[in-house]
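In my numbering, the protein residues as written are 44 to 618.
Using N, Cα and C, we set each Cβ at its ideal position, and we do this for glycine too.
Structure follows, in structure tokens:
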């Protein structure tokens, strides 16, 4: 470090916590980081932030926006302290977020959940990306768009997700009209946090394109929105419209209030918001055609750029400038990966396995991986579908659920665990084949995220896909990617490509596919594909029927409890 060095801050807002990292602009060196968990985590059963602690229906996932501000107050100063730098040498800050994570706010950016009269209303809170309760609304959007032949629909693989802006907005309109009417703006959390930092509101080109159905300069037209619901016709003009900022743009400068929160100099550049997956590509210096970056954590997002525009069935979207200016950015994804492994470890592993892992000083995941990797490919006799949190690509259907086929009384936990690992690799291969068959070749996998530490899983992905797999050198890919965009916003580099070349790093070809393993996995993948099409393409809709039964049972149970509640007795003298 020298007195002439400059630094930027990247802040990555994940599903359960926010992470800040201090990065040197001349070479991308990470000098300090800190993490702060959200106090309310994810509210998916009970609205714990409200005094009433309202019970939530199935498929809901809410958060508290004040938890995001606490990350700025806590993690950023700690990261700067850990880096041992003079805050005066920080020239810019940038953030990334999970998407599509939506906040209903007033005209000045105040979240409706922070207004006393709405504190007990679930629809006033943040709808996290994995809030899937808007599936019926997404189904209606898709059906009417197909009927009308809307030109934007193929840009999203033919299906709009329940996770996205319009489905969640339509749900809000139809389930809590008072909140909808009180909302001045329907804001991506990625843009809201930038608004809090820099004092200016602009929509970033990434989320507005991928999650906000913005193509060729326009959102879906008023006539289409009116066809969904007559009161939804003004949604774009009344609730969404705001300037669109390109990635790497400075959309504001650190306000005095935000400077007090963070300990950073007032007036430094605040970059446009971004999405955690998309912002990671520059951190790995993987911004070329054919380089598919997998950000692997609780879920996996697959992002690749291309100079050509193609329509890929089941992709989450293709957006001009959605990742790097001047190219088309393609996105696909799996809505459950690490979450699936975590679910199995927390619910399906005998106590003796956990005890043995603890005795050896390793995690239960590591112990199961050790046991699983001793097996020959196919030795467990199982095949699983990775749909425990629905299917994002290529089926785009949150009503689908997980399956494990082939279990017997001899099946052991490590067998199931390996089958679940394989299922996520098969899901990625399905996505890759959809891209390659649509004219978007994939020549290299680049992996970032927490699952990088499982070397067996990384080799499995190389073997299943038959592709070389490179690994990002940073353990904080999204945060470093944000710091790279902050360097562009601050004028240190002319564009994101130049900044990525200097500040982004990966190990090229860290894992090479083994031809024999690829051939062995081909047989299992064929069975995966048969199950995938049988349950996912309409031949057997048992998963959807079971979810309907579940919802009906939940609603009936609530009705019985309400009827059984004791009536309020009013004292005679007060009646």
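With the rule of 3 Cβ pairs closer than 8 Å, the segment 533-546 does not count as touching the segment 480-497. Listed in chain order, the beta strand (DSSP E) elements of length 3 or more contained wholly in the segment 502-539 are 512-515. Taking the Cα positions, residue 374 is about 44 Å away from residue 603. With 16 or more other Cβ atoms inside 10 Å of its own Cβ, residue 506 counts as buried. No Cβ-Cβ contact shorter than 8 Å links residue 432 with residue 440. Setting aside the 5 residues that flank it on each side, residue 528 is surrounded in the same chain by 137, 290, 291, 314, 317, 322 and 539, each with a C-beta closer than 7 Å to its C-beta; the list follows chain order.
The DSSP-derived three-state label of residue 586 is helix.
Residue pairing by DSSP puts residue 139 in a beta bridge opposite 55. Counting the other CB atoms within 10 Å of its CB gives residue 424 a total below 16, which places it among the exposed residues.
In this structure, the straight-line span from the alpha carbon of residue 597 to that of residue 243 is close to 43 Å.
In this structure, residue 282 sits away from residue 381, with a CB-CB distance that is not shorter than 8 Å. Between the alpha carbons of residue 526 and residue 66 lies a distance of about 6 Å.
For a cut-off of 8 Å, the C-beta gap from residue 105 to residue 148 is around 15 Å, too long to register as a contact. Taking all protein chains shown into account, residue 153 has fewer than 16 neighbouring C-beta atoms within 10 Å of its C-beta and is therefore exposed.
Taking residue 196 as the centre and dropping the five residues before and after it, the same chain places the C-beta of 188 closer than 6 Å to its C-beta, in chain order. In the three-state scheme derived from DSSP, where H, G and I count as helix and E and B as strand, residue 110 is classed as helix. When the five nearest sequence neighbours on each side are left out, the beta carbons in the same chain lying within less than 8 Å of the beta carbon of residue 577 are those of 583, in order along the chain. Rounded to whole angstroms, the separation of the alpha carbons of residue 481 and residue 351 is 11 Å. The alpha-carbon of residue 388 is positioned some 23 Å away from that of residue 83.
Per DSSP, the continuous beta strand (DSSP E) segment holding residue 334 begins and ends at 334-339.
Residue 236: member of the alpha helix (DSSP H) spanning 232-241, first to last residue.
Around the Cβ of residue 544, a 10 Å sphere holds fewer than 16 other Cβ atoms; the residue is exposed. When the beta-carbon positions are compared, residue 308 and residue 297 come within less than 8 Å of each other. Taking 3 residues as the minimum length, the beta strand (DSSP E) runs contained wholly in the segment 422-502 are 426-428, 446-448 and 487-491, in order along the chain. Look at residue 210 here: in three-state DSSP terms it is helix. Annotation: residue 475 to residue 164 spans about 41 Å, alpha carbon to alpha carbon. Under the three-state reduction of DSSP output, residue 173 falls in the coil class, being neither helix nor strand. DSSP assignment within the segment 261-303 yields the following whole beta strand (DSSP E) runs of 3 residues or more, N-terminal first: 293-296. Only buried fits residue 301, as 16 or more other CB atoms lie within 10 angstroms of its CB. Secondary-structure assignment with DSSP links residue 565 through no beta bridge to anything. Counting C-beta pairs with one atom in each stretch, the segment 322-341 and the segment 555-568 have fewer than three that are closer than 8 Å, which means they do not touch. By the C-beta density criterion, residue 601 is exposed, having fewer than 16 other C-beta atoms within 10 angstroms. Residue 330 is a Cβ neighbour of residue 348, given a cutoff of 8 Å. Counting every other CB atom within 10 Å of its CB across the protein chains shown gives residue 466 a total of 16 or more, marking it as buried.
Apart from the 5 residues on each side of it in sequence, residue 175 sits with its Cβ closer than 6 Å to the Cβ of 102, 205 and 441 in its chain, given in chain order. When secondary structure is reduced to three states using DSSP, residue 345 falls in the strand class.
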